[in-house]
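Colleague:
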Amino acid sequence: MSHTVAVKQAPVVNFDHTDDERRRLYIKAFFGFHCQWDEDIWQSLRDKAESDVYSILHANGFRRAGKAHVEYAVDAIAYGDYAIEFGLNQSVHPWPWGVQMEPGVKDYSDGPSETYETWRRMRGLPTPRPRPNDGA
Numbered sequence: 205m206s207h208t209v210a211v212k213q214a215p216v217v218n219f220d221h222t223d224d225e226r227r228r229l230y231i232k233a234f235f236g237f238h239c240q241w242d243e244d245i246w247q248s249l250r251d252k253a254e255s256d257v258y259s260i261l262h263a264n265g266f267r268r269a270g271k272a273h274v275e276y277a278v279d280a281i282a283y284g285d286y287a288i289e290f291g292l293n294q295s296v297h298p299w300p301w302g303v304q305m306e307p308g309v310k311d312y313s314d315g316p317s318e319t320y321e322t323w324r325r326m327r328g329l330p331t332p333r334p335r336p337n338d339g340a
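Residue numbers for the sequence shown follow our numbering, so the first one is 205 and each next one is one higher.
Dropping the structure here:
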């Protein structure tokens, strides 16, 4: 069952924005603070954003992408779509870290994105073999 949750304290953004778990907790707290958190809607928009990111990576010729990049890009797109869904002005409530802080596509600090590689395999697209130094 879908429901909106309110949070009483404004969240703080002073943490490592590449930490997926903390970033997602911040997103939930941020929208909850604005009385606009709905887990089902968030998950639906995040699923769509994930598909969009994979399509963009494929269209740009990337057979592999870093997990840090993929997860950050998916969250950023879902955040914007979520704000639109609830009628929040994105110039007042922008993505807090900006695109300049997005990890690069070839940032393998967290390894390659296994979900992107699975998406490629499910479509019969080639995936490169893991390299010893890319965290795979």
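Note that beta-carbon positions come from the ideal geometry of N, C-alpha and C, so glycine has one too.
Between the Cα of residue 271 and the Cα atoms of 259, 298, 332, 222, which residue gives the shortest distance?
Modeller: Residue numbering aside, residue 271 sits at position 67 when the sequence shown is read from its first letter. Residue 222 is the option with its Cα nearest to residue 271.
Colleague: Please check the pair residue 316 and residue 268, which I expect to be a contact at CB under 8 Å, by giving their CB distance rounded to whole angstroms.
Modeller: If you number the sequence shown from 1, residue 316 lands on position 112. If you number the sequence shown from 1, residue 268 lands on position 64. Indeed they touch by this definition, with Cβ atoms about 5 Å apart.
Colleague: Following the continuous alpha helix (DSSP H) through residue 325, name the residue where it begins and the one where it ends.
Modeller: In the sequence shown, counting from the first residue as 1, residue 325 sits at position 121. 318-326 is the span of the alpha helix (DSSP H), which, as asked, contains residue 325.
Colleague: According to the Cβ coordinates, are residue 320 and residue 261 closer than 8 Å?
Modeller: Taking the first residue of the sequence shown as 1, we reach residue 320 at position 116. Taking the first residue of the sequence shown as 1, we reach residue 261 at position 57. Going by C-beta atoms, residue 320 is nearer than 8 Å to residue 261.
Colleague: Using a threshold of 8 Å, state whether the C-beta atoms of residue 246 and residue 286 are closer than that.
Modeller: Residue 246 sits at position 42 when you count from the first residue of the sequence shown. Residue 286 sits at position 82 when you count from the first residue of the sequence shown. Yes. Within cutoff.
Colleague: In whole angstroms, what is the alpha-carbon distance linking residue 253 and residue 304?
Modeller: Within the sequence shown, numbered from 1, the residue matching residue 253 stands at position 49. Within the sequence shown, numbered from 1, the residue matching residue 304 stands at position 100. Approximately 19 Å between the Cα atoms of the pair.
Colleague: With DSSP as the reference, label residue 339 as helix, strand or coil.
Modeller: Position 135 of the sequence shown, counted from the first residue, corresponds to residue 339. With a pLDDT of only 48 at residue 339, under 50, the local geometry of the prediction cannot be trusted, and no value is derived from it.
Colleague: Taking the runs of the alpha helix (DSSP H) that are 4 residues or longer, which of them lie wholly in the stretch 206-292?
Modeller: Complete alpha helix (DSSP H) runs here, min 4: 224-237, 243-263, 271-289.
Colleague: At the level of alpha carbons, what is the spacing between residue 297 and residue 273?
Modeller: In the sequence shown, residue 297 corresponds to position 93, counting from 1. In the sequence shown, residue 273 corresponds to position 69, counting from 1. Taking the straight line joining both Cα atoms gives about 22 Å.
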